[in-house]
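A.B. asks:
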Amino acid sequence: MTEPHVPPRPGPGASLSRDADGTDITYSIADLAREFEITPRAIRFYEDKGLLEPRREGLRRVYSERERVRLLLIVRGKRLGFSLRECQDIIDMYGAEPTEGAQLQRLIETIRQRRSVLQDRLADLRLTLKELDEVEAQAQRLLDATGEDTGEASAPGEPAGRPPEP
C-alpha cells in the first residue's frame, strides 16, 4: 500500500538525531508533540494503548520515522472522529499487502460508516442553525414592533447581533 502523505519534518530548531548507526532520523517525544500540536501525555497514552512502539535508550523514548507516520495517522484519524480502534485498523492497513482484500474491504466499510455519521451530524447542525435563525428572526420582529432601539447595529440583510458570515 502506498505511504500516506507525510507533512514535512520539523523545521529549524528541532532536535532530530540519527539512530545509533547514523542512517535513520529519530525523534524525541517533545519533537513529535510539537510537530503534531499534541501533548507528550497524549503520545504516551497512544503507547499505552499499543498504537506506538518507540525504542528505549535508557529512560528516553526514541521514535523512528515509522512511529512518526503512525502518529500522523492517529492524529488525523482522531481529528476526523475515528475511535482509537478504527485508527489501529487504518494503521494496520499501511502495513498490509495490497492483495489483502478482506482488510481493504474493512477499511472501506469503516470509512463509509464514519462518513455516514459525519453526514448525519452535518444535517443536524444545519437544522439547528435553521431553527436558531427562525427564533432570532422572530425575536427581531418582536423587538422591532416595540420600537425600542437596542443600540446594536447590524449589516443590511444580517440579523442584529450576528456577525456577517465569511
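Anchor point for the sequence shown: position 144 equals 144 in UniProt numbering, and the numbering is continuous, going up by one each time. C-beta atoms are modelled at their ideal positions from N, C-alpha and C, and glycine is treated no differently.
#1: On the DSSP bridge assignment, give the partners of Y94 in chain order.
#2: Run through DSSP, which three-state label would T26 get?
#3: In whole angstroms, what separates the C-alpha of A127 from that of P54?
#4: Use the C-beta contact count for T146: other C-beta atoms within 10 angstroms, 16 or more gives buried, fewer gives exposed.
#5: What residue range does the alpha helix (DSSP H) around E47 cover?
#6: Grab the span of the beta strand (DSSP E) containing E57 for me, first residue to last.
#7: Just to confirm, are L73 and Y46 a CB contact at a threshold of 8 Å?
#8: Of all the options K130, L84, S28, which has the alpha carbon lying nearest to the alpha carbon of V62?
#9: Does the distance from the CB of E67 to the CB of L84 come in under 8 Å?
#10: Just confirm the distance between the C-beta atoms of L107 and D89, as a whole number of angstroms; I'd bet it's less than 8 Å.
#11: Any idea if V75 is buried or exposed, counting beta-carbon neighbours within 10 angstroms, 16 or more meaning buried?
#12: By Cβ distance, which residues of its chain are closer than 7 Å to R70, with the 5 residues on each side in sequence left out?
C.D. replies: Straight from the coordinates:
#1: Its beta-bridge partners do not exist; DSSP assigns none.
#2: Three-state result, T26: strand.
#3: Per the sequence presented here, residue 127 reads as Leu, with Ala not at that position. One C-alpha to the other measures close to 45 Å.
#4: Note on T146: under 16 other CB atoms within 10 angstroms of its CB, so exposed under the neighbour-count rule.
#5: Bounds of the alpha helix (DSSP H) holding E47 are 40 to 48.
#6: Element bounds for E57: 55 to 57.
#7: No. Outside cutoff.
#8: Nearest C-alpha to V62 among K130, L84, S28: S28.
#9: For E67 and L84, no; Cβs fall outside 8 Å.
#10: Taking a contact as a CB-CB distance under 8 Å, the pair L107 and D89 counts as one, their CB atoms being some 7 Å apart.
#11: Answer is buried; the Cβ neighbour count reaches 16.
#12: By the criterion of a C-beta distance shorter than 7 Å, R70 is surrounded in its chain by L51, L52, I91, once the five residues flanking it on both sides are discounted.
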